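To start, the structure under review is shown below, and the notes come after it.
Residue numbers (this note's numbering): 24 to 277.
Shown next, in the form of structure tokens:
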């Protein structure tokens with residue numbers, strides 16, 4: 024046997040999907056070693072973005088999809104007057120870049136909210152791999168479907184008349200995504216600013232700050248700058264379903 028055949032390629036191992044902590048989120052269950060090797064050939068080395076760094080801009084040609092490996096990003100569009108509308112916030116294990124699929128160029132922008140690591144999936148190579156690995160193709164379709172569902176939730180959230188309900192839904196959604204990452208879903212770190220949250224929800228920043236204070240007074244949250252502890256997940260869930268005071272409070276008042 025050639026002694027060189029067993030030499031471990033450390034650079035390959037560091038970027039290998041099989042050694043990535045996010046593999047259970049990104050990959051279909053039961054994917055075999057041969058299929059993992061095919062996928063590894065499609066993944067470019069990790070990219071690191073500092074806070075405020077741009078992953079892509081409006082008008083950039085479509086070349087790849089991107090997996091958030093660590094950190095977080097926001098996607099947004101600019102209108103003709105230069106005003107920002109935030110479309111979403113993206114956590115580890117989530118894929119971004121789907122906005123360019125239709126026109127072969129990006130129609131939004133992606134910016135790092137903190138120092139973040141990105142896996143780049145060149146789309147031409149990804150198409151080839153998914154044609155060879157049907158389970159991976161189905162997983163990609165599930166991810167795209169999840170993105171569509173998140174967009175629908177955002178539209179529904181924007182249509183809520185009660186600002187308190189909007190913020191509650193946003194925090195509950197973030198907690199659910201933390202749980203999917205096997206993080207403590209009651210201890211959130213808001214990498215986005217209050218302004219970003221307000222923009223995303225279609226509110227003014229003063230309203231968001233006031234709502235955080237109100238939820239603290241109600242005993243739902245404890246807020247320390249960017250750290251938010253959900254003290255009463257049951258009350259938060261209840262606020263997501265009603266546009267007023269939680270039913271328990273209404274019963275007490277009655």
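Virtual Cβ for every residue (Gly too), placed ideally from N, Cα, C.
Predicted model, so just to flag it, every value in this text is computed and none were measured.
Would you list the residues sitting across from residue 153 in a DSSP beta bridge? Paired residues: none, contrary to the question.
Are residue 112 and residue 95 close, meaning C-beta to C-beta below 8 Å? yes
Taking residue 242 and residue 252 to be in contact with their CB atoms under 8 Å, please state how far apart those CB atoms are, rounded to whole angstroms. Not confirmed; about 11 Å, so no contact.
What is the DSSP secondary structure of residue 168, counted as helix, strand or coil? helix
Checking the sheet assignment: what are the DSSP bridge partners for residue 252? 210 and 245
Can you list, in chain order, the residues of its chain whose CB lies under 6 Å from that of residue 220, leaving out five sequence neighbours each side? 231
From what residue to what residue does the alpha helix (DSSP H) around residue 136 run? That residue, residue 136, is in no alpha helix (DSSP H); it is neither H nor E in DSSP.
Can you tell me which of 88, 63 and 135 puts its alpha carbon nearest to the alpha carbon of residue 74? 135
Residue 204 and residue 141 - do their beta-carbons sit closer together than 8 Å? no
Just how far apart, CA to CA, sit residue 264 and residue 156? 41 Å
Outcome for residue 185 when other beta-carbon atoms lying within 10 angstroms are tallied against a minimum of 16: exposed
Can you tell me whether residue 172 is buried or exposed? The criterion is at least 16 other CB atoms within 10 Å of its CB, across all chains shown. exposed
Assigned exposure category for residue 223 - 16 Cβ within 10 Å defines buried: buried
For the alpha helix (DSSP H) holding residue 130, just list the boundary residues, first then last. Counting along the chain, residue 130 falls outside any alpha helix (DSSP H), and DSSP gives it neither H nor E.
Note down the Cα distance separating residue 133 from residue 80, rounded to an integer number of angstroms. 7 Å
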